[in-house]
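K.L.:
Got a structure here, written out as structure tokens. Questions coming.
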Amino acid sequence: MVTKLFSNSLYAEEGLFSQGILGGDFVFLAQDARRPDGSLTHPNDVESQTFRTLENLNAALETIGQKLANLVSLKVFLVDYKDLSVVAGCLERSFSDPRRIFPATTYLGVMGLDGGCRLRMDGVASASPDREQIHAPDVPDASGSRCHGVRIGDFLFLSGVDAVDPHRKVSPPPGIDTQTLEVLNRIERILRSQRLSLRRRIVRGMAKRAKNVTGGSSVKMSFPLTQDFMLKNSEPIFFCARSRLLTEAVENSQSIAQK
Numbered sequence: 014m015v016t017k018l019f020s021n022s023l024y025a026e027e028g029l030f031s032q033g034i035l036g037g038d039f040v041f042l043a044q045d046a047r048r049p050d051g052s053l054t055h056p057n058d059v060e061s062q063t064f065r066t067l068e069n070l071n072a073a074l075e076t077i078g079q080k081l082a083n084l085v086s087l088k089v090f091l092v093d094y095k096d097l098s099v100v101a102g103c104l105e106r107s108f109s110d111p112r113r114i115f116p117a118t119t120y121l122g123v124m125g126l127d128g129g130c131r132l133r134m135d136g137v138a139s140a141s142p143d144r145e146q147i148h149a150p151d152v153p154d155a156s157g158s159r160c161h162g163v164r165i166g167d168f169l170f171l172s173g174v175d176a177v178d179p180h181r182k183v184s185p186p187p188g189i190d191t192q193t194l195e196v197l198n199r200i201e202r203i204l205r206s207q208r209l210s211l212r213r214r215i216v217r218g219m220a221k222r223a224k225n226v227t228g229g230s231s232v233k234m235s236f237p238l239t240q241d242f243m244l245k246n247s248e249p250i251f252f253c254a255r256s257r258l259l260t261e262a263v264e265n266s267q268s269i270a271q272k
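Letter 181 of the sequence shown, counting from 1, is numbered 194 in my numbering, and no numbers are missing.
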């Protein structure tokens with residue numbers, strides 16, 4: 014069941030976006046610093062906009078009895094990437110114990126945002142008590158991150174990963190190919206700290222057989238990172254299958270290891 018979040022204290026972008034959506038154990042929401050009438054109190058003050066954005070996220074979460082501490086993943090879109098340190102400082106001050114409770118965080122630079130906003134935040138929250146903060150040994154945190162990821166049940170949300178060293182420098186050669194390989198290597202190390210791996214193509218299966226489906230039975234699978242199912246030698250796929258062909262392929266595969 015999907016439930017829309019709505020608060021009169023927040024700017025409504027009807028026709029474009031919902032203020033938030035509750036689906037199962039997760040809440041998906043996004044906010045910026047605009048007031049209910051769409052105006053900005055501090056158009057050029059990134060610190061004020063950051064705190065206002067967090068207040069708006071909290072207001073949206075309060076409509077379903079949650080709060081900022083329930084955030085498990087946060088993407089921050091910045092018009093000026095130089096604002097990252099200011100925004101990160103505001104985020105840290107908004108959580109009472111950032112080392113223990115802090116969302117997996119990623120910062121992204123963008124060309125512009127609606128309404129003259131300097132930033133926008135896109136979050137995922139959950140009230141699940143089965144939560145773990147991930148800190149992989151010997152992997153530097155990316156700028157603005159306080160953890161490498163957050164695990165909620167069978168789902169693992171990763172923070173952004175970059176190629177800088179602990180001194181915030183990129184070791185030469187600074188080419189995009191070298192940095193990409195280093196980032197992938199770091200992601201692999203983070204996953205291995207959770208007994209997961211990019212190379213093993215581990216997927217999580219919520220495999221349900223549905224009856225009375227035209228064309229045969231179906232298999233529905235979703236793929237956060239866990240070991241319920243493992244499809245070797247295949248690319249990660251995201252789908253809801255409703256075809257006999259896929260069902261037979263899954264059933265005939267000898268590379269599925271089910272617990």
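For every residue, glycine included, the Cβ atom is placed at its ideal position computed from N, Cα and C. A quick note: this is a predicted structure, and the numbers were derived from the prediction, not measured.
Which same chain residues end up closer than 7 Å to glycine 36 when comparing Cβ atoms and leaving out the 5 residues on each side of it in sequence?
P.N.:
For glycine 36, where only same-chain residues beyond five positions count, the Cβ hits under 7 Å are Val15.
K.L.:
Decide if serine 22 is buried, meaning its Cβ has at least 16 other Cβ atoms within 10 Å, or exposed.
P.N.:
So serine 22 counts as exposed.
K.L.:
Below 8 Å on the Cβ atoms is my contact criterion, and I expect leucine 53 with alanine 46 to pass it. Report the Cβ-Cβ distance as a whole number of Å.
P.N.:
6 Å between Cβ atoms; contact.
K.L.:
Cα-Cα, which of Ala138, Ser206, Asp178 and Cys103 is closest to isoleucine 147?
P.N.:
That would be Ser206, whose Cα lies nearest to the Cα of isoleucine 147.
K.L.:
State the DSSP-derived secondary structure class of aspartate 178, mapped to helix, strand or coil.
P.N.:
Note: aspartate 178 maps to coil in three-state DSSP.
K.L.:
Does the structure place the segment 113-127 close enough to the segment 170-183 that three or more beta carbon pairs sit under 8 Å?
P.N.:
The segment 170-183, when compared against the segment 113-127, does touch it at the 8 Å Cβ threshold.
K.L.:
For the segment 105-114 against the segment 123-137, do three or more pairs of beta-carbon atoms, one drawn from each stretch, fall closer than 8 Å, so that the two count as touching?
P.N.:
Verdict: no, contact absent.
K.L.:
Given alanine 155, which residues of its chain have a CB within under 7 Å of its CB, disregarding the five upstream and five downstream residues?
P.N.:
Ser172, Gly173, Val174 and Asp175, listed in sequence order.
K.L.:
Alpha carbon to alpha carbon, how far is serine 98 from cysteine 160?
P.N.:
Approximately 16 Å between the Cα atoms of the pair.
K.L.:
Keeping to the same chain, check which residues put their C-beta closer than 6 Å to that of valine 177; ignore five residues upstream and five downstream.
P.N.:
Taken in chain order, the residues that qualify are Val183.
K.L.:
Quick check: what's the CA-CA separation for leucine 91 versus glutamate 27?
P.N.:
For leucine 91 and glutamate 27, the distance between alpha carbons rounds to 23 Å.
K.L.:
In its own chain, which residues sit with a C-beta less than 7 Å from the C-beta of alanine 73, not counting the 5 before and 5 after it?
P.N.:
Hits under 7 Å: Leu18, Ser20, Leu23, Gln32, Gly33, Leu42 and Gln44.
K.L.:
What do you get for proline 30, buried or exposed, if any count of 16 or more other CB atoms within 10 angstroms of its CB means buried?
P.N.:
The displayed chain sequence assigns phenylalanine, not proline, to residue 30. It is exposed - the Cβ of phenylalanine 30 has fewer than 16 other Cβ atoms within 10 Å.
K.L.:
What beta strand (DSSP E) runs, 3 residues minimum, are completely inside the segment 53-93?
P.N.:
84-91, all fully within the segment 53-93.
K.L.:
For aspartate 135, report the span of its alpha helix (DSSP H) as first-last.
P.N.:
First-last for aspartate 135: 132-138, but that is the beta strand (DSSP E), not the alpha helix (DSSP H).
K.L.:
Could you round the C-beta distance between isoleucine 203 and alanine 140 to whole angstroms and report it? I think they count as a contact, below 8 Å.
P.N.:
At roughly 25 Å, the Cβ-Cβ gap does not stay under 8 Å, so isoleucine 203 and alanine 140 are not in contact.
K.L.:
Go through its chain and collect everything with a Cβ distance to glycine 129's Cβ below 7 Å, but skip five positions before and after it.
P.N.:
Only Leu53 and Pro56 meet the Cβ criterion.
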